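In the numbering used here, the protein residues as written are 1013 to 1200.
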């Protein structure tokens, strides 16, 4: 695979050495399947020695499941870049981990409980949440979409005191999200 670029001295040919691609809406189609053309192109790229990376907001186990379907050994950029892992052949080493500060997670925990929102708390390759009245449908939707499985805890504060999570995500209907962005920003 070659790419053409216009350089200072005209058109140059450069060998592609690395491909990073998103999963949802890029690698996967609308039915969460890998189209044959995508699979074939990435298999060919791997045979040519090009390093492939899957980049997603998803957690490691759900990205690894897609990697297995793809059949290509990938570098994995997970949790919106908060964790980067090497390839399977290298033993899947952790290259980068940039967790959120524990005091930020406390703000989100209190805010989500006060407003009745579902909070996804990602820690050590697990997804945790408290049961929130009327929010089970969001958990079901998220699980169907990503393949992630929730572990329910009674209280985040007592389950994860002083913990710096890899990722936090508030889930709510879009009509509810906009008004509380400003409120959260003022608390941070």
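Every residue, glycine too, gets a C-beta built ideally from N, C-alpha and C.
Bear in mind the structure is a predicted one, so any value in this text is a computation, not a measurement.
Span separating the alpha-carbon of residue i from that of residue j
i            : j            : result
residue 1050 : residue 1039 : 7 Å
residue 1112 : residue 1080 : 29 Å
residue 1163 : residue 1084 : 29 Å
residue 1160 : residue 1060 : 33 Å
residue 1116 : residue 1187 : 24 Å
residue 1185 : residue 1026 : 45 Å
Sequence-distant residues of its chain with Cβ nearer than 7 Å to residue i (five each side left out)
i            : result
residue 1114 : 1174, 1175, 1176
residue 1151 : 1130, 1141, 1162
residue 1165 : 1140, 1142, 1171
Burial state of residue i (16 or more Cβ within 10 Å)
i            : result
residue 1052 : exposed
residue 1028 : exposed
residue 1139 : buried
residue 1077 : exposed
residue 1075 : buried
residue 1066 : buried
Under 9 Å between C-beta atoms of residue i and residue j
i            : j            : result
residue 1118 : residue 1073 : no
residue 1031 : residue 1064 : yes
residue 1170 : residue 1135 : no
residue 1180 : residue 1132 : yes
Beta-carbon contacts of residue i that lie in its chain and below 6 Å, excluding the five residues immediately before and after
i            : result
residue 1183 : 1130, 1150
So, do the segment 1083 to 1099 and the segment 1119 to 1131 have three or more beta carbon pairs nearer to each other than 8 Å?
no
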